[in-house]
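Report on the structure given below.
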Amino acid sequence: MATAAVARIAEVSAPVQASLWSDAWRRLRRNRLALMASIYLVLLVGVAILAIFYTPYRMSATGLAPDYAGPSLAHWLGVDNLGRDQLSRIMIGSQISLIVGVGTQILVLAVGVPIGLLAGYYRGWLDSVVTFIINVFYGIPDLLVALILVFLLGPSLANIIIAIVVTRWMDMARLVRGQTLALREREFVEAGRASGAKPIKMLFGHIMPNALGPIIVQATFGVPSAILFEAFLSFLGAGVQAPTPSWGSMAKDGVDAIQFAPHMVIAPSIALSLTLMAFNFLGDGLRDALDPRSRR
Amino acid sequence: MFTRGTLIYIGQRVVLIAFTVLAVSSIVFLGIHRLPGDALFNEHLHGDQYALLLHHYNLDKPLLIQYRDFVVAVVTRGDLGESLVNRGVKITPLVLRELGVSVEVGGFALVFTIGLGMLFGVVAAIRQNTWVDYVLSATSVIGYSVPNFVLGSILILVFAKWLETVTNGSFFYVLGGWTGGIGQLWLPAFALGFPYASIVARLTRASMLEVIRQDYIRTARAKGLRETVVVARHALRNALIPVITILGPLVIGIITGSVVIENLFGIPGLGKEFAQSIQNRDYFIVIGVFTMYAALVGIANLAVDLTYVIIDPRIRY
Numbered sequence: 012m013a014t015a016a017v018a019r020i021a022e023v024s025a026p027v028q029a030s031l032w033s034d035a036w037r038r039l040r041r042n043r044l045a046l047m048a049s050i051y052l053v054l055l056v057g058v059a060i061l062a063i064f065y066t067p068y069r070m071s072a073t074g075l076a077p078d079y080a081g082p083s084l085a086h087w088l089g090v091d092n093l094g095r096d097q098l099s100r101i102m103i104g105s106q107i108s109l110i111v112g113v114g115t116q117i118l119v120l121a122v123g124v125p126i127g128l129l130a131g132y133y134r135g136w137l138d139s140v141v142t143f144i145i146n147v148f149y150g151i152p153d154l155l156v157a158l159i160l161v162f163l164l165g166p167s168l169a170n171i172i173i174a175i176v177v178t179r180w181m182d183m184a185r186l187v188r189g190q191t192l193a194l195r196e197r198e199f200v201e202a203g204r205a206s207g208a209k210p211i212k213m214l215f216g217h218i219m220p221n222a223l224g225p226i227i228v229q230a231t232f233g234v235p236s237a238i239l240f241e242a243f244l245s246f247l248g249a250g251v252q253a254p255t256p257s258w259g260s261m262a263k264d265g266v267d268a269i270q271f272a273p274h275m276v277i278a279p280s281i282a283l284s285l286t287l288m289a290f291n292f293l294g295d296g297l298r299d300a301l302d303p304r305s306r307r
Numbered sequence: 004m005f006t007r008g009t010l011i012y013i014g015q016r017v018v019l020i021a022f023t024v025l026a027v028s029s030i031v032f033l034g035i036h037r038l039p040g041d042a043l044f045n046e047h048l049h050g051d052q053y054a055l056l057l058h059h060y061n062l063d064k065p066l067l068i069q070y071r072d073f074v075v076a077v078v079t080r081g082d083l084g085e086s087l088v089n090r091g092v093k094i095t096p097l098v099l100r101e102l103g104v105s106v107e108v109g110g111f112a113l114v115f116t117i118g119l120g121m122l123f124g125v126v127a128a129i130r131q132n133t134w135v136d137y138v139l140s141a142t143s144v145i146g147y148s149v150p151n152f153v154l155g156s157i158l159i160l161v162f163a164k165w166l167e168t169v170t171n172g173s174f175f176y177v178l179g180g181w182t183g184g185i186g187q188l189w190l191p192a193f194a195l196g197f198p199y200a201s202i203v204a205r206l207t208r209a210s211m212l213e214v215i216r217q218d219y220i221r222t223a224r225a226k227g228l229r230e231t232v233v234v235a236r237h238a239l240r241n242a243l244i245p246v247i248t249i250l251g252p253l254v255i256g257i258i259t260g261s262v263v264i265e266n267l268f269g270i271p272g273l274g275k276e277f278a279q280s281i282q283n284r285d286y287f288i289v290i291g292v293f294t295m296y297a298a299l300v301g302i303a304n305l306a307v308d309l310t311y312v313i314i315d316p317r318i319r320y
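Residue numbers (this note's numbering), protein chains in the order written: chain A, 12 to 307; chain B, 4 to 320.
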């Protein structure tokens with residue numbers, strides 16, 4: 012009996028193993044805004060996947076109702092200047108936004124993380140060159156360069172993603188460089204080096220995992236900025252090509268008809284704003300969860 | 004404030020800007036000439052006419068000669084050439100006039116950004132954790148999540164459509180040029196500046212909260228100074244130092260955003276010309292506009308760096 016009681020006491024009083032990630036997950040769940048944002052984003056992804064198989068109407072079908080007709084039972088969000096169903100187009104647009112947002116961040120990770128790791132770890136001339144390039148890129152107006160790039164490469168989804176990555180990779184590189192500079196002085200790096208770990212193992216096996224929190228936060232904030240960027244490009248007529256809709260190009264069509272068909276600009280604007288807000292709230296939540304010290 | 008060293012520094016920067024501008028316009032010049040398609044492809048020309056026009060635009064020479072002539076014209080006469088679409092329209096005076104319009108809009112937007120941003124930030128900080136703070140903080144998240152063209156569309160809807168009888172549409176129609184008048188720029192400047200105001204507000208709030216707990220603020224209060232004086236003269240001054248570090252990206256952001264806003268509101272500035280000339284394939288104007296933007300960005304960055312000297316006396320060049 013006694014041994015069982017002791018065992019139970021030991022069980023109760025043993026510290027529950029709480030890793031950084033489970034801690035962060037607990038904090039994130041408690042953040043109501045971030046939770047609501049996550050639910051919205053899950054729904055959005057659901058809509059984007061649904062749109063692969065089903066939209067109420069074909070997104071390019073014209074003349075479904077009189078041009079510019081407002082919301083009705085048949086067309087919940089009305090139709091656009093060519094009589095195309097707005098709801099179907101918003102659904103397809105969600106795919107474009109998500110592909111651009113997530114796609115650019117995957118490429119930004121692939122470009123920015125290695126550059127930042129190498130510059131921060133080896134320092135010296137490599138770091139000077141990288142820092143110089145980063146500063147040059149910060150000094151140029153990204154949207155204009157992206158516009159010219161899309162213009163030179165030709166407007167397609169892939170080229171838009173490339174243009175955004177070319178003009179926005181520096182945020183990640185700078186962050187990872189800074190993290191690496193701080194981490195490389197820590198004991199575990201010294202220990203790893205002393206035990207003969209290869210540089211590539213040091214960088215990706217030891218330093219990067221320790222910088223993963225800030226990297227995730229940065230990537231989360233990168234998604235809405237890429238989505239916004241694509242919307243800007245589409246708004247200026249350098250986005251994905253018709254008839255494929257993007258929220259930005261829909262808003263542009265809507266602005267042209269703003270005086271007599273305001274539903275055309277309102278629907279994509281709300282979709283875009285909600286999505287950007289959700290990603291920003293999620294990013295705020297992740298930052299607070301993964302790095303409690305930086306809490307505002 | 005501006006020592007001799009500073010003046011030399013400014014001189015160096017100006018030379019650097021000139022070289023950057025030349026480099027940017029060269030890259031665009033050479034890049035654009037590699038595009039497929041004919042520069043005069045919109046027109047149905049034949050025989051002599053076509054050859055004459057090619058000669059008129061200096062397009063009948065090898066690319067390197069064209070480039071040399073372009074650089075010589077720019078450097079010696081500041082001549083950016085002639086529009087490919089609107090024959091006879093000289094580009095330099097055109098883009099200079101448009102630059103003026105853009106600077107006017109952007110400057111006005113910057114007033115909104117810094118003014119509103121600081122005001123929101125300070126009020127949120129001194130009313131920390133009250134409903135005022137929460138409302139302002141929520142507004143600022145919404146502010147930087149809502150794209151400027153969405154904000155602009157809402158403003159157009161409200162002021163030019165739903166309240167049209169009240170405003171008489173006068174908020175919306177911009178006549179252009181320096182004569183356009185500040186009165187018509189309220190809405191575009193607000194739409195352009197507000198998203199960045201949110202960022203300024205967040206930063207100001209954070210650094211105000213840090214500063215306001217420091218001993219010298221307590222001393223100022225203990226001396227019996229009024230709260231407004233403590234906040235405005237003692238706290239804000241130091242709270243602004245972290246804020247000015249984002250002035251550079253801020254100005255770049257406003258220049259970038261102005262492209263969108265000008266197209267939305269139909270303001271005849273550089274941004275509208277840029278989008279239009281790209282669509283029209285008016286390549287020489289594209290080059291001209293890009294050259295102006297490069298100069299504008301260079302000068303704006305220099306101005307920002309000089310502001311640091313004025314606000315923070317510890318910085319010297």
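The beta carbon of each residue, even a glycine, is placed where N, CA and C say it ideally should be.
Could you tell me the distance, in whole angstroms, from the CA atom of residue i to the CA atom of residue j?
i         : j         : result
PRO82(A)  : MET102(A) : 16 angstroms
TRP165(B) : ILE269(A) : 11 angstroms
PHE290(A) : GLY224(A) : 16 angstroms
PHE175(B) : GLN229(A) : At PHE175(B), the pLDDT of 45 sits below 50, so the modelled position is not reliable; the number obtained from the coordinates is stated separately. Looking at the two C-alpha atoms, the distance is approximately 38 angstroms.
ILE188(A) : THR115(A) : The sequence as given places Arg at residue 188(A); Ile does not occur at that position. If you take the alpha carbons of ARG188(A) and THR115(A), they lie about 20 angstroms apart.
ILE281(B) : SER28(B)  : 15 angstroms
THR248(B) : SER201(B) : 15 angstroms
ARG11(A)  : GLY110(B) : Here chain A comprises residues numbered 12 to 307, so residue 11(A) is not present and cannot be evaluated.
VAL18(B)  : VAL292(B) : 20 angstroms
LEU39(A)  : GLY296(A) : 6 angstroms
LEU301(A) : GLY150(A) : 30 angstroms
VAL246(B) : SER167(A) : 38 angstroms
GLY294(A) : LEU67(B)  : 50 angstroms
SER173(B) : PHE243(A) : Residue placement at SER173(B) is flagged as unreliable, the pLDDT there being 49, under the threshold of 50; a coordinate-derived value is accordingly withheld.
VAL138(B) : TYR51(A)  : 22 angstroms
ASP96(A)  : MET261(A) : 12 angstroms
ILE1(B)   : ILE20(B)  : There is simply no residue 1(B) to check, as chain B begins at 4 and stops at 320 in what is shown.
VAL200(A) : LEU128(A) : 13 angstroms
VAL56(A)  : GLN69(B)  : 51 angstroms
ALA163(B) : THR142(B) : 24 angstroms
Three-state secondary structure (DSSP) at residue i?
i         : result
VAL149(B) : coil
LYS263(A) : helix
GLY172(B) : Because GLY172(B) carries a pLDDT of 49, less than 50, the predicted location of this residue cannot be relied on, and the following value inherits that uncertainty. GLY172(B) falls in the coil class under three-state DSSP.
VAL90(A)  : strand
ASP285(B) : coil
LYS64(B)  : coil
GLU85(B)  : strand
LYS226(B) : coil
PHE64(A)  : helix
ASP96(A)  : strand
LYS164(B) : helix
LYS93(B)  : strand
Taking a contact to mean a Cβ-Cβ separation below 8 angstroms, would you say residue i touches residue j in this structure?
i         : j         : result
SER236(A) : SER245(A) : no
THR73(A)  : GLY94(A)  : yes
VAL262(B) : LEU283(A) : no
GLY34(B)  : LEU247(A) : no
LEU192(A) : GLY259(A) : no
SER156(B) : VAL276(A) : yes
VAL266(A) : ILE107(A) : no
PRO152(A) : TYR296(B) : yes
VAL234(A) : GLY123(A) : no
THR259(B) : VAL24(B)  : no
LEU118(A) : VAL156(A) : no
Please identify the residue among the options whose C-alpha is closest to the C-alpha of residue i.
i         : options                                    : result
VAL149(B) : GLY301(B), PHE197(B), ALA163(B)            : PHE197(B)
LEU206(B) : LYS226(B), LEU160(B), VAL144(B)            : VAL144(B)
MET219(A) : PHE243(A), ALA184(A), VAL251(A)            : ALA184(A)
MET47(A)  : VAL200(A), GLY135(A), PHE292(A), GLU241(A) : PHE292(A)
GLY256(B) : ALA21(B), VAL31(B), ARG71(B), THR116(B)    : THR116(B)
GLY104(A) : ILE281(A), ARG298(A), MET288(A), LEU129(A) : ILE281(A)
LEU61(A)  : SER99(A), ASN42(A), ARG41(A), SER71(A)     : SER99(A)
ILE94(B)  : ASP63(B), GLY118(B), ILE288(B)             : ILE288(B)
ILE159(B) : GLU196(A), TRP32(A), PHE271(A)             : PHE271(A)
Would you please verify whether the beta carbon of residue i is less than 8 angstroms from any beta carbon of chain C?
i        : result
TYR51(A) : Among the protein chains of the structure shown, namely A and B, there is no chain C.
Is the segment 93 to 101 of chain B touching the segment 274 to 289 of chain B, taking contact as three or more C-beta pairs under 8 angstroms?
-> yes
Three or more C-beta pairs below 8 angstroms linking the segment 122 to 129 of chain B and the segment 210 to 217 of chain A | no
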